[in-house]
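Per the working numbering, the very first residue in the sequence shown carries number 70; after that it's consecutive. Glycine included, C-beta positions come from ideal geometry on N, C-alpha and C.
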Amino acid sequence: MNYQALEQQLQSLYNSCSDSDQLLQSICDLLREGVSHYDWVGFYFKNGDKRELLLGPFSGEPTDHTVIPFGKGICGQVALSNENFIVPDVNAQDNYIACSITVKSEIVIPIIKDGDNIGQIDIDSHTIDAFSQADVHLLEGICKKLATIL
Ligand code: SME
């Protein structure tokens with residue numbers, strides 16, 4: 070699916086889903102099915118006042134990493150930096166939490182609501198160096214929209 074078609078499908082999800090968990094799940098399923106280099110798509114959210122992330126809705130293989138302390142792995146680093154993190158080759162990262170040996174690259178984009186980093190979208194790919202600025206644009210758009218909904 071091209072990214073323009075995806076944007077249209079996302080728009081109909083925003084318009085039709087009233088339950089936020091259902092919306093997040095539908096976004097994960099749409100992205101994983103619609104983009105060939107997206108092999109695992111999930112959301113992590115800050116756990117209240119704790120300095121940790123909790124796994125939310127996801128699409129793909131179940132992961133053991135349902136709780137990630139701030140600072141640990143790519144996700145935990147984004148929880149602190151509030152910046153996008155693209156990892157072209159996960160094997161070149163020291164601070165990385167491996168979910169599967171099949172994962173080769175990863176992208177994490179934070180969801181910033183009213184200046185606070187409330188969570189993130191995390192995508193794994195079985196392709197090395199899979200993510201481009203087109204992915205950043207698509208995913209930033211989703212995170213910006215979610216910041217107005219969640
Ligand atoms: N690789 C992530 C952990 C989450 S899994 O990709 C689902 C990280 O290093 O934070």
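Comparing alpha-carbon positions, the option among Leu-93, Glu-121, Ser-128, Asp-158 lying closest to Lys-141 turns out to be Glu-121. Counted as a single uninterrupted DSSP element, the alpha helix (DSSP H) harbouring Gln-94 occupies residues 89-103. In this structure, Ile-96 sits away from Pro-157, with a CB-CB distance that is not shorter than 8 Å. In terms of side-chain proximity, the C-beta atom of Gly-142 is found nearer than 7 Å to a non-hydrogen atom of the ligand SME. Val-147 sits close to Gln-189, with the two beta carbons spaced by under 8 Å. Per the Cβ contact rule, the region 73-93 is not in contact with the region 168-181 (fewer than 3 Cβ pairs under 8 Å). In the structure shown, Val-205 adopts helical secondary structure according to DSSP, grouped into three states. Remark: C-beta atoms of Cys-144 and Asp-204 do not approach each other more closely than 8 Å. The nearest non-hydrogen atom of the ligand SME is less than 7 Å from the C-beta of His-134. Taking C-beta atoms as the reference points, Ser-194 and Asp-133 fail to come closer than 8 Å. Considering only Ala-167, Ser-128, Ile-187, the residue with the shortest C-alpha distance to Leu-149 is Ile-187. Asn-160 has its alpha-carbon roughly 28 Å from the corresponding atom of Ile-211. CA-to-CA, the gap between Gly-117 and Gly-184 works out to about 16 Å. For Tyr-83, the enclosing alpha helix (DSSP H) stretches over residues 72-85.
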